[in-house]
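Heads up: the sequence lines are chains A and B, in that order.
Per our numbering, the first sequence runs over residues 1 to 601.
Per our numbering, the second sequence runs over residues 602 to 966.
Note that beta-carbon positions come from the ideal geometry of N, C-alpha and C, so glycine has one too.
Predicted model only: the values in this text are computed from it and were never measured.
Written out below as C-alpha cells is the structure these notes cover.
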Amino acid sequence: MTLADELARQQRSISVAEFFEKNKHLLGFDSPTRGIITTVKEAVDNALDACEEAGVLPDIYVGILRCGQDVFRIIVEDNGPGIVPEQIPFVFGKLLYGSRFHQIRQSRGQQGIGISAAVLYAQLTTGLPTIVISRTGPALPAYRYLVQIDIQTNEPRIAGKEVVEWDRTHGTRVQIEFKSTIAAKKKLLEYLKYTSVVNPHARIRVEIDGETFLFERVSDEAITCPKAIKPHPHGIEIGQLMRMIAASSSPCDEFLVSNFSRIGKKTAIEICQSAGLSPRSPVMSLSPQDQKNLLAAMQNARVPAPPTQTCLSPIGEELITRSLEKEFQMDFVKARTRPGSVYSGHPFLVEAAIGYGGKLSPDGNATILRFANRVPLMYQQGACAITACIAGITWKNYNIAQSGLPLGPVLILVHVASTNVPFTSESKDAIAGIPEIEREITLVLQELGRELKTYLSQRDKNRLAEDRARAVCAIIPDIASKVAEIVEMPVPDTSLIEGRIMRRIVVKKVTRDGRVRIEVRNHTGTRGAISLYDISPDAGRDAVPPPAIVTEVEGEYTKMWQLEVAPGEMWAAEYGGSGGGTVQVRGVSPENVAVVDLDAE
Amino acid sequence: MQNDTLEKKAYERLISIAMQWYRQMEEGTIPSITLPTRTKQNIAYDDESEVWKLGDRESVRSAHTAKSALHLLKMSYVIWFLKTQLRENRSSTLRELYYISEGWKKAKFSAQDESNYLIEDLEILTDLQREAFHLRPEEDGATIFGPLRLKEMTRRGERVIHCQEDVGEAGYQIPSNVENIEFLEHDASCVIAIETGGMFARLIENGFDEEYNAILVHLKGQPARSTRRMLHRISDEFHLPVYVFTDGDPWSYRIYASVAYGAIKSAHMSELLATPRAQFIGVQPSDIRDYNLPADALTEKDIAALQSELSDPRFASDYWKEQISLQLSLGLKSEQQAFAARGLDFVTREYLPRRLSDMGLVIRS
C-alpha cells in the first residue's frame with residue numbers, strides 16, 4: 001500500500017458538529033466561565049428575536065442554578081411565539097439550522113449556531129440532553145423534548161418527547177446543564193443590564209443561585225420587526241448570485257428587477273447592456289463568464305443606496321436615554337440616532353449616547369457600552385472599531401480628560417445596526433474597521449461631545465456660583481467669629497457682605513444643640529414670595545412658625561412653608577431636631593436663590 | 602514672656618492680621634490678605650546679598666471662593682491658637698499644631714504640609730521666624746563641637762556651655778530656636794560644616810578641632826533651618842570663615858548651595874539663614890581624580906542633576922563649571938569617607954590642611 005493510499009484511508013469528511021467540538025473558542029465556549037455567558041446570551045438573543053417577530057413584549061426569565069460541584073443548570077424562558085414540535089429537535093439539535101440566515105434584515109442571531117452549540121457543549125461536559133418545552137398557542141399542548149446532537153452526522157437525536165402541562169400560553173423554555181463556574185457573575189449581570197438598555201421593551205427577570213434581579217422595561221411598545229429586503233446590487237458576491245441565477249427562469253432584466261432592491265426596468269437594461277448581455281435572454285443560460293460580467297456590471301451600476309428604514313430597527317434617542325437613566329444614575333444623558341447609511345451594499349446605522357457624572361466612577365477609563373444589532377459586545381473591546389473610534393476622538397476638546405480612552409465619570413454607548421454587521425470573527429465580539437461605519441461613529445460621538453461640553457460648562461458656571469455662596473454664607477461667618485475672638489471685640493455682622501455679594505434670596509439651614517433653624521434673607525430689590533421645602537428625618541412638630549403642609553415618605557418628612565420676605569428683611573423658622581436632609585425653594589427663578597446648608601462639611 | 606521684645610512683636614503682628622480682617626468685615630468687604638507669590642517663578646537670586654529671595658509678585662487671597670475662604674478661616678484659627686500659646690508662654694511643634702487642628706472642624710488641616718505652608722505664610726506676613734511664635738520643627742538640631750562658649754536661655758534658666766569642655770563626644774546640640782543663644786567667646790580660626798556623621802566623628806576623634814582651632818558643625822544631610830541659622834550667626838558675629846565639607850556628588854553640592862545661598866522653600870528668610878561667605882572644601886571632582894579616590898559610577902539621575910546645576914545661577918562660577926564638567930567626563934562620584942582608603946589620618950593630616958591653605962586660611966596651630 002502506498003503512503004497516498006494510507007493517507008486516503010484516513011481522509012474523510014468532517015461533520016460540522018465534530019469541527020466545532022474541536023474549535024469551541026470560535027463560538028465563545030473557550031472557557032467554562034465564558035460558556036455560561038455565551039449560552040445565556042444565545043438563548044436570550046433567540047428569545048428577543050422570537051418575541052420581536054411575534055410582536056409581543058418580551059418577558060424573559062433567566063435562571064442559573066448550581067446542581068453539583070461545578071455543574072450548573074441554565075434556564076431561559078420566553079413568551080415568544082413558540083416552536084412547532086417537529087422543528088424543536090432541529091432548532092436545538094442541529095448546528096447551522098436557522099430561519100434568519102438567508103434574510104437580509106437586522107437580527108440578533110444569524111447563523112443558527114449559537115444555541116445548538118450550547119447543547120453540544122452540555123453534551124460534551126455532562127453528557128446530559130437539553131430539555132426544551134415549547135407551546136405555540138393556548139389551544140395547543142406544550143411539548144417537552146430531550147434533545148442531543150449526533151456529533152458524527154450533525155443530526156438531532158431525540159432522547160425523549162412528551163406532552164406536558166405548562167402555565168405559559170405560548171413561549172419556549174430551554175434548560176441546559178453543563179460544567180461551568182459563576183466566577184463571571186458580574187459580567188453576566190452586566191451583559192443582562194446592557195441587553196436591557198438596548199431592548200427597552202423587554203423585561204428580564206434573573207435568578208442566580210438564589211439571588212434575584214429584575215431589569216424592568218421602560219417602554220410598553222413592542223418594536224416593529226425589521227422587514228427583510230432584497231439584496232442590493234452592490235452588496236452581493238458571485239456565489240450568491242450564481243445560486244439565485246440557478247433558481248430563476250426569468251429573462252435577465254426581469255431577474256434583476258424582481259430579485260434586487262433599487263433596480264428598475266431602465267437600470268436593469270443598462271446593466272445588461274454594460275455586461276454585454278441581451279436583456280431578454282433567459283438568465284439561466286448565462287455562461288460562468290457572463291455571470292461574472294453581470295456581477296461586475298451590477299457593482300458598477302449607479303443605483304440608489306438600499307432602503308434603511310424598514311430593514312433596520314434603531315432603538316431611538318428617547319428610549320436609549322430612558323433606559324440609560326434607569327440602569328445608570330447619571331447627571332447628564334444625551335442620545336443621537338444617525339440617519340441610515342450603506343457600506344458595500346449593506347444598510348447600517350449608528351446610534352450613540354453619552355452619559356456623565358452621577359453614580360459613574362470618577363476614576364479610570366470611561367465606561368464603554370458596545371452593541372451590534374441590540375446585542376451587547378462583551379469581549380475584545382480593544383479589537384473593536386467602536387473602541388478605536390472613541391480613542392481617535394480628541395476628548396479634551398469637550399473638556400474630558402483622555403489617555404487613549406476618555407477618563408472620568410463618562411459613559412459612552414454605541415449601537416451599530418446593520419443587515420450584516422461586519423464582525424472581526426465568528427464569536428461576534430468586535431466590529432471590524434469599515435471606513436463608512438467608523439465615519440458615522442466618529443460623527444455621532446463628536447455631535448454628542450459638543451452637547452456634553454455645553455452641559456459641563458453650564459455646570460461649572462453653576463458650581464462657581466454655589467462655591468461663592470458657600471464661601472460667603474457659610475465660611476465668612478465662621479471667620480468673623482474667630483477673628484472677633486482674637487481681637488476681643490464683638491462679632492461683626494456679615495450679612496452686609498452677604499447682601500452686597502449675593503444680591504439674592506439666601507436660605508440658610510443650621511443645626512445647633514438639637515435645634516434646627518432655617519433663615520431666609522432677601523438681598524434682592526424686590527419682594528420675594530417663595531415656597532420653602534425642608535426634607536429631613538425631623539418631623540418638625542414643634543416648628544415655629546408651623547409649616548403649611550407636612551408629608552412623610554419612608555421616614556423622611558417634607559415640611560413646606562409659604563412665606564414672603566421684603567427686600568432687606570429676614571424670615572426664620574425653628575424646630576427641635578437633628579438636621580440633615582435638603583432644602584429646596586420654589587417660586588423664584590433659581591439664579592435668584594442661594595441655599596446654604598451650614599451643617600454640611 | 603521671656604524674650605520680651607521678640608514675643609511681643611509676634612503677638613502684636615499676629616493680632617494685627619486678624620484686626621485687618623475685622624475692619625474689612627465691618628466695612629462690608631470680603632476679608633483678604635496680600636502675600637508674595639510663592640512659586641519658583643517668583644524666586645530670584647539677589648546679586649547684592651548673594652542669596653535667594655522672593656520676588657515682587659504678589660497675589661491676593663480673598664475669601665470669595667470656598668477654597669480661599671477656608672484658607673483664611675484656617676489662618677484665623679492658627680492665629681488664635683498662637684496668640685493663646687504666646688500668652689501662656691507655651692510652645693509646640695509643627696506636628697503638634699497639625700494634630701491640634703483635628704478639633705477645628707471645617708478649619709482642620711488635611712495634611713501637615715498644609716499647616717507648615719500656612720506657618721510659612723505667617724512668617725512672611727509678620728516678617729518673623731516661626732520660633733517667635735513658639736513653634737519648632739520635630740527634627741533634632743544638628744550638633745556642634747569646637748572652641749566656642751555660648752549662653753543658652755533654656756526653659757529652666759540660663760546655661761553657659763563651652764562646646765568642647767562642657768559637652769560629651771557627641772557635641773553640643775543646636776536648639777530649634779537659635780535666637781535663644783548668645784555667643785560669648787571663641788578661640789577659633791574657622792568653621793567647618795560637615796555633611797556626614799562619620800566624617801564629623803572622624804575629625805573629633807583625630808583632634809582636628811584642637812589642632813586647627815576649628816568649630817565643627819554636623820549638617821546631618823540637608824541642614825535644618827536652625828543649623829543654617831547657627832552657621833549664619835557664627836559667621837556674622839565672629840567674622841569667621843565657613844567651609845562646607847560634603848560628599849562629592851550633585852546632591853551634596855546642593856547642600857553647600859543651601860548653606861551659602863538659601864533654599865527655594867525658605868526664600869523668604871534667606872537673609873537670616875544663608876551664609877554667602879561659606880566656601881566649598883570638597884569632595885571636589887578633581888580630588889576624585891587627583892587622589893584616585895574609590896568611586897561609584899554616576900547614575901542617570903546624578904547626571905541630570907549635574908546638568909541642571911550647570912544652568913543654576915548658584916553654580917555660575919568658573920570654578921563650579923570646571924568641576925561639574927570634569928565630574929561629567931569622569932562619570933564618577935565619591936563619598937567623604939573614601940579618603941579612608943589612604944589611611945584614617947589622611948583627611949586630617951593632609952587633605953584638609955592642604956585645601957584650607959589653598960583657600961587662603963592662615964593656619965595657626
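Mind checking if residue i is an interface residue toward chain A, Cβ cutoff 8 Å exclusive?
i: P632 (chain B); result: yes
i: G677 (chain B); result: Strictly speaking, residue 677 (chain B) in this sequence is Ser, with Gly absent from that position. Output row for S677 (chain B): interface = yes.
i: G629 (chain B); result: yes
i: L674 (chain B); result: yes
i: W671 (chain B); result: Reading off the sequence, residue 671 (chain B) comes out as Leu, not Trp. L671 (chain B) counts as touching chain A.
i: S665 (chain B); result: The sequence given here has His at residue 665 (chain B), not Ser. For H665 (chain B), the answer is yes, since a Cβ of chain A falls inside 8 Å of its Cβ.
i: Y623 (chain B); result: yes
i: Q686 (chain B); result: no
i: I720 (chain B); result: no
For residue i, does the count of other Cβ atoms within 10 angstroms reach 16, so buried, or fall short, so exposed?
i: L598 (chain A); result: buried
i: N462 (chain A); result: exposed
i: C389 (chain A); result: buried
i: P632 (chain B); result: buried
i: R527 (chain A); result: exposed
i: L683 (chain B); result: buried
i: H869 (chain B); result: buried
What three-state label does DSSP hand residue i in the structure shown?
i: Q380 (chain A); result: coil
i: P306 (chain A); result: coil
i: A879 (chain B); result: coil
i: L695 (chain B); result: helix
i: C791 (chain B); result: strand
i: T33 (chain A); result: helix
i: W166 (chain A); result: coil
i: A353 (chain A); result: strand
i: N365 (chain A); result: strand
i: L3 (chain A); result: helix
i: D253 (chain A); result: helix
i: R915 (chain B); result: helix
i: I644 (chain B); result: strand
i: V860 (chain B); result: helix
i: F260 (chain A); result: coil
i: N399 (chain A); result: coil
For chain B, find out if any of its Cβ atoms is closer than 8 Å to the Cβ of residue i; answer yes or no.
i: M330 (chain A); result: no
i: I505 (chain A); result: no
i: L496 (chain A); result: yes
i: A594 (chain A); result: no
i: M502 (chain A); result: no
i: V483 (chain A); result: yes
i: I64 (chain A); result: no
i: M570 (chain A); result: no
i: D467 (chain A); result: yes
Tell me which residue opens and which closes the alpha helix (DSSP H) that residue i is part of.
i: A480 (chain A); result: 476 to 487
i: G239 (chain A); result: 238 to 246
i: H840 (chain B); result: No alpha helix (DSSP H) contains H840 (chain B), which DSSP labels as neither H nor E.
i: Q686 (chain B); result: 667 to 688
i: W653 (chain B); result: Here W653 (chain B) belongs to no alpha helix (DSSP H); instead the beta strand (DSSP E) covers 652 to 655.
i: M800 (chain B); result: 798 to 806
i: G93 (chain A); result: 88 to 93
i: W705 (chain B); result: Neither: W705 (chain B) is in no alpha helix (DSSP H) and is coded neither H nor E.
Can you name the start and end residues of the beta strand (DSSP E) that residue i belongs to?
i: I437 (chain A); result: I437 (chain A) -> not in any beta strand (DSSP E); alpha helix (DSSP H) instead, spanning 435 to 470.
i: T558 (chain A); result: 556 to 565
i: S134 (chain A); result: 130 to 135
i: P637 (chain B); result: 633 to 637
i: M570 (chain A); result: 570 to 576
Establish whether the CB of residue i and some CB of chain D are separated by less than 8 Å.
i: A480 (chain A); result: Looking for chain D here will not work: the only protein chains present are A and B.
Looking at residue i and the ligand GTP, is the gap between the Cβ and the nearest heavy atom below 7 Å?
i: L749 (chain B); result: No copy of the ligand GTP appears in this structure; indeed no ligand is present at all.
Can at least three beta-carbon pairs, one atom from the segment 617 to 634 of chain B and one from the segment 559 to 575 of chain A, be found at a separation below 8 Å?
-> no
Quick one: any contact between the segment 176 to 183 of chain A and the segment 64 to 75 of chain A, if contact means 3 or more CB pairs under 8 Å?
-> yes
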